[in-house]
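Novice: Residue numbers (numbering that gives the first Met the number 0): 0 to 411.
Beta carbons are placed, not taken as given, at the ideal position from N, Cα and C, and that holds for glycine.
Just passing along the structure, written as structure tokens.
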Amino acid sequence: MHASGLIIAAVLLALVLYIAWLLSPPGKVKPLLPQEQEQALLKHVSADTRSGNELQTFISFSPMIESMEKDIASARSYVHILFFKYEDDHIGRRVANLLARKAAEGVEVRLLVDDAVNKTRERLYGEMRSNGIQVKLFSPMHIPLIKSDNYRNHRKIVVVDGRIAYVGGMNIAERYGIGLSWGTWRDTHLRITGPAVSSCEYAFARDWAFKGGELLADAKYFPPQAPSGKLDVDIVCSGPRGDGPAIMKRLCKMLDDSKQYAWLESPYLIPTNEVRDSLQRAARRGVDVRIIIPPRGDRGVLTPLCTNSYIQELQEAGVRIARYRDGYMHSKTAICDDRYVSVGSTNIDPRSYILDYEINAFIDSESYARKMKDIFLADEALSDYIDKDAWARRSILEKGAEAFARLGSAQF
């Protein structure tokens with residue numbers, strides 16, 4: 000074989016191996032950090048961060064970002080920020096200017112963003128670095144023109160001085176405020192005060208150290224937390240390293256324990272086998288299971304087709320599925336039995352449950368569950384349930400396209 004043939008064969012082999020890596024699920028879950036680093040962080044986190052918390056809930060972007068900016072402006076020691084997307088738009092620039100002012104005042108400012116979805120924003124990040132902001136990219140992609148959607152950091156975390164935290168589904172992007180031509184993005188975000196803030200800082204510190212930042216194992220990042228409310232809040236992380244599918248398991252337990260109702264919102268409905276089985280079991284034993292999803296997709300044609308492939312089998316088990324008509328449903332929430340609530344970054348899809356790094360707050364509170372129930376009912380009033388009989392009568396062509404798309408469900 001000529002040298003050119005060997006080169007072509009080697010390139011093709013490398014491409015096949017790379018594609019196989021892209022499509023491969025994670026193997027055995029490995030620690031996120033060495034044990035000594037984990038212990039150095041954990042010694043500053045109190046044994047009980049669950050009790051004594053207070054939440055402020057945002058379902059619109061403008062009030063959330065204004066509250067966040069006010070809290071950042073009050074920072075005296077540090078501001079830690081992690082977002083899947085931090086866009087170079089009006090909102091991104093406004094927050095960047097605020098962070099630069101805080102850095103000039105001597106406040107430690109750290110920003111961690113996922114590399115794959117922010118490739119075109121390096122100019123903004125360079126300006127932020129020149130203004131004293133420490134910026135790091137999570138899992139940098141080093142192969143030109145090729146990026147992997149696997150193993151991305153989809154978390155959204157902000158911690159201010161160890162006394163206030165934000166988690167939820169909103170990114171730093173003006174699309175959440177001004178929306179798209181066919182509607183705004185409807186999402187849910189939390190402002191947390193109380194001991195659970197330490198768990199949010201622990202989550203940020205792990206990711207920061209994992210991606211080459213210094214180990215933030217200093218007591219100043221984990222100040223003592225007095226109770227600020229009466230809510231029980233668990234901060235749960237999941238990911239291909241460190242925590243495994245912890246959020247998926249927690250959601251399945253919520254569904255399996257439900258007795259009256261289980262209401263969910265998600266931009267995608269591509270459940271893993273475990274989540275699908277839990278949804279179906281709940282509906283078959285008489286639990287009122289409802290799911291609100293968007294009217295259309297936001298990333299190509301295959302993802303919504305894959306979502307459609309699951310609707311009929313869930314409907315046959317008794318699950319009711321509605322399409323939100325007032326914009327794009329991007330909220331990731333679950334409410335069960337006027338008792339349990341989940342709010343966070345985790346979609347109903349294998350990517351969130353297995354391939355990406357996510358964070359959710361799980362709340363055990365009757366009063367808070369009733370509040371979230373009212374929010375769900377308001378969203379439901381702006382949604383249309385999919386008729387079971389009409390859906391079953393779809394054409395063979397539609398069902399065939401959906402079945403084809405479902406072949407790639409592990410990657411959507």
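Nearest to CYS335 by alpha carbon, out of LYS370, GLU68, ASP383 and ALA391?
Specialist: In the sequence shown, the residue the question calls residue 335 occupies position 336. Looking at the Cα atoms, LYS370 is the closest of the given residues.
Novice: I need the DSSP call for SER237, collapsed to helix, strand or coil.
Specialist: What you label residue 237 is simply residue 238 of the sequence shown in a count that begins at 1. It is a strand residue.
Novice: Could you tell me the alpha carbon to alpha carbon distance between ARG162 and ALA74, rounded to whole angstroms?
Specialist: If you number the sequence shown from 1, residue 162 lands on position 163. If you number the sequence shown from 1, residue 74 lands on position 75. Cα to Cα, the separation comes out at about 10 Å.
Novice: Name the one or two DSSP bridge partners that MET328 has.
Specialist: Here residue 328 refers to the residue found at position 329 when the sequence shown is read from its first residue. For MET328, which the question treats as bridged, DSSP gives the partners ARG185.
Novice: If you compare alpha carbons, which of VAL157, ILE292 and ALA360 is closest to ARG249?
Specialist: As a first step, residue 249 is located in the sequence shown; it is residue number 250 there, counting from the start. Answer by Cα proximity: ALA360.
Novice: Quick check: the Cα distance between PRO143 and LYS118, rounded to an integer number of angstroms?
Specialist: As a first step, residue 143 must be located in the sequence shown, where it is residue number 144. As a first step, residue 118 must be located in the sequence shown, where it is residue number 119. Reliability fails at PRO143, whose pLDDT of 47 lies under 50, so the model's placement of it is uncertain and the value that follows must be treated cautiously. PRO143 and LYS118: Cα-Cα distance of roughly 11 Å.
Novice: Should SER59 and ASP160 be called a contact, given that it needs their Cβ atoms to be closer than 8 Å?
Specialist: As a first step, residue 59 must be located in the sequence shown, where it is residue number 60. As a first step, residue 160 must be located in the sequence shown, where it is residue number 161. Not in contact: SER59 and ASP160 (Cβ atoms no closer than 8 Å).
Novice: In whole angstroms, what is the alpha-carbon distance linking SER341 and VAL235?
Specialist: Residue mapping note: residue 341 aligns to position 342 of the sequence shown, counting from 1. Residue mapping note: residue 235 aligns to position 236 of the sequence shown, counting from 1. Roughly 10 Å separates the two Cα atoms.
Novice: DSSP puts ASP363 in a beta bridge; with which residues?
Specialist: The sequence position of residue 363 within the sequence shown is 364, counting from 1. Per DSSP, ASP231 and TYR339.
Novice: Would you mind reading off the limits of the beta strand (DSSP E) that contains ASP113?
Specialist: Taking the first residue of the sequence shown as position 1, residue 113 is located at position 114. Taken as a continuous stretch (DSSP letters only), the beta strand (DSSP E) holding ASP113 covers 107 to 113.
Novice: In whole angstroms, give me the CA-to-CA distance for THR48 and ALA400.
Specialist: Residue numbering aside, residue 48 sits at position 49 when the sequence shown is read from its first letter. Residue numbering aside, residue 400 sits at position 401 when the sequence shown is read from its first letter. Distance between the alpha carbons of THR48 and ALA400 is about 47 Å.
Novice: From the DSSP output, read off the bridge partner residues of ARG322.
Specialist: Here residue 322 refers to the residue found at position 323 of the sequence shown. BP columns for ARG322 point to ILE292 and ASP383.
Novice: Does the beta-carbon of ALA402 have 16 or more other beta-carbons within 10 angstroms, so that it is buried, or is it exposed?
Specialist: Locating residue 402 in the sequence shown gives position 403, counting from the first residue. Classification of ALA402: exposed, given that the 10 Å Cβ count is below 16.
Novice: In the DSSP assignment, find the alpha helix (DSSP H) that holds ILE71 and state where it starts and stops.
Specialist: Here residue 71 corresponds to residue number 72 of the sequence shown, with the count starting at 1. Run containing ILE71: 60 to 72, per the alpha helix (DSSP H) assignment.
Novice: Among ARG322, LYS331, SER45 and THR302, which residue has its Cα nearest to the Cα of ARG154?
Specialist: Taking the sequence shown and counting its residues from 1, one reaches residue 154 at position 155. Cα-wise, what sits closest to ARG154 is LYS331.
Novice: With three or more C-beta pairs closer than 8 Å as the rule, is the segment 215 to 230 touching the segment 180 to 195?
Specialist: Flag = yes, the segment 180 to 195 and the segment 215 to 230 touch.
Novice: Applying the criterion that 16 or more other CB atoms from any shown protein chain within 10 Å of the CB defines a buried residue, is GLU65 buried or exposed?
Specialist: By 1-based counting over the sequence shown, the position of residue 65 is 66. The residue is exposed, with fewer than 16 neighbouring Cβ atoms inside 10 Å.
Novice: According to DSSP, is SER394 part of a helix, a strand, or is it coil?
Specialist: The residue you call residue 394 lines up with position 395 of the sequence shown. Reduced to three states, the DSSP call for SER394 is coil.
Novice: Can the beta-carbon of TYR339 be found less than 8 Å from the beta-carbon of ILE291?
Specialist: Mapped onto the sequence shown, residue 339 falls at position 340. Mapped onto the sequence shown, residue 291 falls at position 292. Going by C-beta atoms, TYR339 is not nearer than 8 Å to ILE291.
Novice: How many angstroms separate the CA atom of ASP363 from the CA atom of ASP373?
Specialist: The residue given as residue 363 occupies position 364 in the sequence shown. The residue given as residue 373 occupies position 374 in the sequence shown. Those two C-alpha atoms are separated by around 16 Å.
Novice: Please state whether the Cβ-Cβ distance between GLN36 and ALA208 is less than 8 Å.
Specialist: Working through the sequence shown from its first residue, we reach residue 36 at position 37. Working through the sequence shown from its first residue, we reach residue 208 at position 209. Yes.
Novice: Would you check if the segment 374 to 390 and the segment 266 to 276 touch, i.e. whether three or more CB-CB distances between them fall below 8 Å?
Specialist: No, because fewer than three Cβ pairs between the segment 266 to 276 and the segment 374 to 390 fall closer than 8 Å, the two stretches do not touch.
Novice: What would DSSP say about ALA402, mapped onto helix, strand or coil?
Specialist: Numbered from 1 along the sequence shown, position 403 holds the residue referred to as residue 402. The answer is helix: DSSP assigns ALA402 an H, G or I state.
Novice: Please return the same chain residues whose Cβ sits closer than 7 Å to the Cβ of THR178, not counting the five positions on each side in sequence.
Specialist: Translated into positions along the sequence shown, residue 178 becomes position 179. A quick correction: the sequence has Gly, not Thr, at residue 178. The residues are TRP184 and GLY326.
Novice: Note down the Cα distance separating GLU200 from VAL44, rounded to an integer number of angstroms.
Specialist: In the sequence shown, counting from the first residue as 1, residue 200 sits at position 201. In the sequence shown, counting from the first residue as 1, residue 44 sits at position 45. C-alpha separation (whole angstroms): 9 Å.
Novice: I need the straight-line Cα distance from LEU354 to ARG240, nearest angstrom please.
Specialist: One-based indexing of the sequence shown puts residue 354 at position 355. One-based indexing of the sequence shown puts residue 240 at position 241. Straight-line Cα distance between these residues: approximately 9 Å.
Novice: So what does DSSP say about LYS135, is it helix, strand or coil?
Specialist: Locating residue 135 in the sequence shown gives position 136, counting from the first residue. Three-state DSSP puts LYS135 in a strand.
Novice: Does DSSP classify TYR150 as helix, strand or coil?
Specialist: Your numbering for residue 150 matches position 151 in the sequence shown. Three-state result, TYR150: coil.
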